[in-house]
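Asker:
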Amino acid sequence: MVSLAPWGPAARLEELPLLKRGAEAEIRLGEFMGLRAVFKARVRKPYMHPRLAERLVRLRTRREARVIAAARAAGVSAPALLAVFPSLGLIVMEYVEGPLLKDVIDQRGLGAGGLVEEAGYNLGLLHRAGVVHGDPTTSNYIVRGGGVVLIDYGLAEFSSSVEDRAVDLHLFRRAVESTHAPLAGELYRLYTRGYLRAVGERGGEVLRRAEEIRLRGRYVRERRRSVWGVG
């Protein structure tokens with residue numbers, strides 16, 4: 003892997019096809035050293051002082067690259083890092099081709115249960131490595147071959163906190179409740195079964211905390227309805 007080095011043709015990034023534009027980064031498709039690759043360039047905030055914006059971009063780019071490297075070292079199915087250029091806010095990764103897990107569930111329903119369990123297993127491996135993902139929804143898993151690849155580590159960070167790990171599980175649950183409500187309970191059960199397969203007995207505390215988070219959210223919604231008439 004080429005790391006922490008200047009890259010001459012940075013100006014040509016804008017010529018590459020845009021796959022996705024978000025608040026934090028632009029994702030473009032191109033080639034790197036003969037390989038099909040994804041170029042993730044962090045966006046500098048125009049309202050920030052230029053030096054502060056530059057520093058944040060460098061720090062977050064390095065952090066994301068380290069997270070991906072740690073994930074792969076732990077056996078997580080994650081995109082391969084090809085190059086990292088912190089001064090440009092740029093990470094070059096393997097291009098992972100395939101449908102989103104969300105779309106596969108749309109097509110197959112619970113027939114995609116094995117993939118959902120595999121997705122939970124990968125999150126468990128990530129947590130065992132001391133990393134939380136921050137957004138492990140079905141839109142951040144790509145189905146490739148007979149398995150899944152966990153993508154988008156922009157919100158990931160190093161943490162062994164039970165609360166942080168539980169939030170990851172809660173976010174997955176909220177996602178499937180939103181996109182696949184009739185199947186949400188079974189999808190979450192499959193996901194956590196895969197998760198526990200990776201983390202073992204230690205995962206029980208995380209699952210209990212995730213349920214506490216869910217109940218806290220429900221309590222807040224009910225209080226809002228009773229006090230303000232909204233929810």
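Just so you know, our numbering puts the end of the sequence shown at 233, numbered straight through with nothing missing. Virtual Cβ for every residue (Gly too), placed ideally from N, Cα, C. These numbers were taken from a predicted model, which means no experiment stands behind them.
Counting only runs of 4+ residues fully inside the segment 77 to 137, write out the alpha helix (DSSP H) ranges in chain order.
Answerer: 103 to 110, 115 to 130, all fully within the segment 77 to 137.
Asker: Drop a sphere of 10 angstroms on the beta-carbon of ARG218, count the other beta-carbons inside from all chains shown, and report buried for 16 or more, exposed for fewer.
Answerer: Within the sequence shown, residue 218 is the residue found at index 216, counting from 1. By the neighbour-count rule (16 or more Cβ atoms within 10 Å), ARG218 is not buried but exposed.
Asker: According to DSSP, is ARG46 helix, strand or coil?
Answerer: By one-based count along the sequence shown, residue 46 stands at place 44. It is coil, neither helix nor strand.
Asker: Compute the Euclidean distance between the alpha carbons of VAL86 and ALA76, then round it to the nearest angstrom.
Answerer: Start at 1 with the first residue of the sequence shown, and residue 86 comes out as number 84. Start at 1 with the first residue of the sequence shown, and residue 76 comes out as number 74. Going from the Cα of VAL86 to the Cα of ALA76 covers about 20 Å.
Asker: Whose C-alpha, out of VAL78, PHE41, LEU185, is nearest the C-alpha of LEU127?
Answerer: One-based indexing of the sequence shown puts residue 127 at position 125. Per the Cα distances, VAL78.
Asker: In chain order, what are the residue ranges of uninterrupted alpha helix (DSSP H) at least 4 long that sit wholly in the segment 138 to 206?
Answerer: Here the runs fully enclosed are 164 to 181, 186 to 201.
Asker: Within this structure, are the beta carbons of GLY132 and SER162 separated by less than 9 Å?
Answerer: One-based indexing of the sequence shown puts residue 132 at position 130. One-based indexing of the sequence shown puts residue 162 at position 160. Cβ atoms of GLY132 and SER162: closer than 9 Å.
Asker: Quick one: grab the DSSP three-state call for ALA27.
Answerer: Looking up residue 27 in the sequence shown gives position 25. Three-state DSSP puts ALA27 in a strand.
Asker: Counting beta carbon pairs with one atom in the segment 159 to 176 and one in the segment 187 to 194, are three or more of them shorter than 8 Å?
Answerer: Taking 8 Å as the limit for Cβ pairs, the verdict is that the segment 159 to 176 does touch the segment 187 to 194.
Asker: Would you mind stating whether LEU83 and ALA71 have Cβ atoms separated by less than 9 Å?
Answerer: Position 81 of the sequence shown, counted from the start, is the residue given in the question as residue 83. Position 69 of the sequence shown, counted from the start, is the residue given in the question as residue 71. Yes, they are a contact pair.
Asker: Measure the alpha-carbon distance for THR63 versus LEU31 and round it to whole angstroms.
Answerer: Numbered from 1 along the sequence shown, position 61 holds the residue referred to as residue 63. Numbered from 1 along the sequence shown, position 29 holds the residue referred to as residue 31. Their Cα atoms are separated by approximately 18 Å.
Asker: State yes or no: is the C-beta of LEU88 within less than 9 Å of the C-beta of ALA67?
Answerer: Sequence index remark: in the sequence shown, residue 88 carries index 86 (1-based). Sequence index remark: in the sequence shown, residue 67 carries index 65 (1-based). For the sequence presented, residue 88 should be read as Pro rather than Leu. Contact flag set, yes.
Asker: With burial defined as no fewer than 16 other Cβ atoms inside 10 Å of the residue's Cβ, what is the status of LEU54: buried or exposed?
Answerer: In the sequence shown, residue 54 corresponds to position 52, counting from 1. Counting Cβ neighbours within 10 Å, LEU54 comes out exposed, since fewer than 16 surround it.
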